[in-house]
Amino acid sequence: MEACSRGTKKMSDSVTADRPRGAVRRHALAIVETAAILLLVILVTLVLCNSIGRYLFSRSLPWTEEIVTALLMWLGGLGITVAALRNGLISCAIWTSRLGVAAQNRLRIAQNLFGIATMAGLAWFAWQYLGIFGGDITPLIGMPKAVPISGIIGCAAGMSLAFVIDLIAPEDL
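Going by my numbering, the sequence shown opens with residue 573, and the numbers climb by one from there.
Below you can see the structure in the form of structure tokens.
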């Protein structure tokens with residue numbers, strides 16, 4: 573902790589404490605974080621209501637499990653998008669820091685382009701899966717399976733957005 577006060581930071585400090593400087597990244601991050609917080613509050617409320625119903629009133633709310641499953645898919649996608657927007661994804665800085673500035677910039681561009689292509693592939697396969705199983709409905713509330721499955725597509729879109737923002741407006745946190 574003292575090292576942080578003397579000006580040196582741990583990686584976890586910079587990821588969690590600092591806000592992005594760029595306006596585009598900052599606004600995108602605010603939207604994604606707000607959506608994630610809203611979904612998390614709904615998820616916690618549903619789980620709490622189900623627990624209270626089960627243990628205090630001996631009446632569970634089984635339909636909450638179907639909604640919580642869908643929310644978890646979306647929360648996972650939003651969480652990794654937040655990490656990407658904060659430049660908090662796993663990297664090999666021990667190796668890339670030894671490269672020159674021009675090589676680091678070329679590598680950053682290549683990584684972002686590869687990430688966009690990978691997310692496009694993920695979205696394509698999720699879309700195919702959605703076409704096959706998206707019309708199925710959950711047994712209790714009849715929610716289409718497309719709701720949780722589309723969380724994968726949302727994740728791919730969010731990650732692609734983060735990679736595009738890093739191409740357009742790169743910054744260090």
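Positions of the beta carbon are idealized from the N, C-alpha and C atoms, including for glycine.
Simplified DSSP assignment, three categories, for residue i
i, result
"residue 662", "coil"
"residue 720", "helix"
"residue 709", "strand"
"residue 575", "Confidence is the limiting factor: at residue 575 the pLDDT is only 40, short of 50, which leaves the residue's position unreliable and the question unanswerable from this model."
"residue 687", "helix"
"residue 732", "helix"
Same chain, Cβ closer than 7 Å to residue i, neighbours up to 5 away in sequence not counted
i, result
"residue 594", "741, 743"
"residue 614", "643"
"residue 733", "600"
"residue 597", "657, 737, 741, 743"
"residue 618", "636, 639, 640"
Burial state of residue i, where buried means 16 or more other Cβ atoms lie within 10 Å
i, result
"residue 738", "buried"
"residue 665", "exposed"
"residue 616", "exposed"
"residue 610", "exposed"
"residue 723", "buried"
Nonlocal neighbours in the same chain, by C-beta distance under 6 Å from residue i, ignoring five residues either side
i, result
"residue 725", "695, 698"
Cutoff 8 Å; reference residue i; Cβ partners in own chain excluding five residues on either side
i, result
"residue 730", "604, 649, 650, 652, 653, 656"
Check whether the stretch 630 to 644 touches the stretch 699 to 707, counting contact only when three or more Cβ pairs, one atom from each stretch, lie closer than 8 Å. no
Suppose only complete runs of 4+ residues qualify. What are the alpha helix (DSSP H) ranges in the stretch 613 to 657, listed by chain order? 635 to 657
With contact counted as at least three CB pairs below 8 Å, one residue from each stretch, are the stretch 719 to 726 and the stretch 676 to 688 in contact? no
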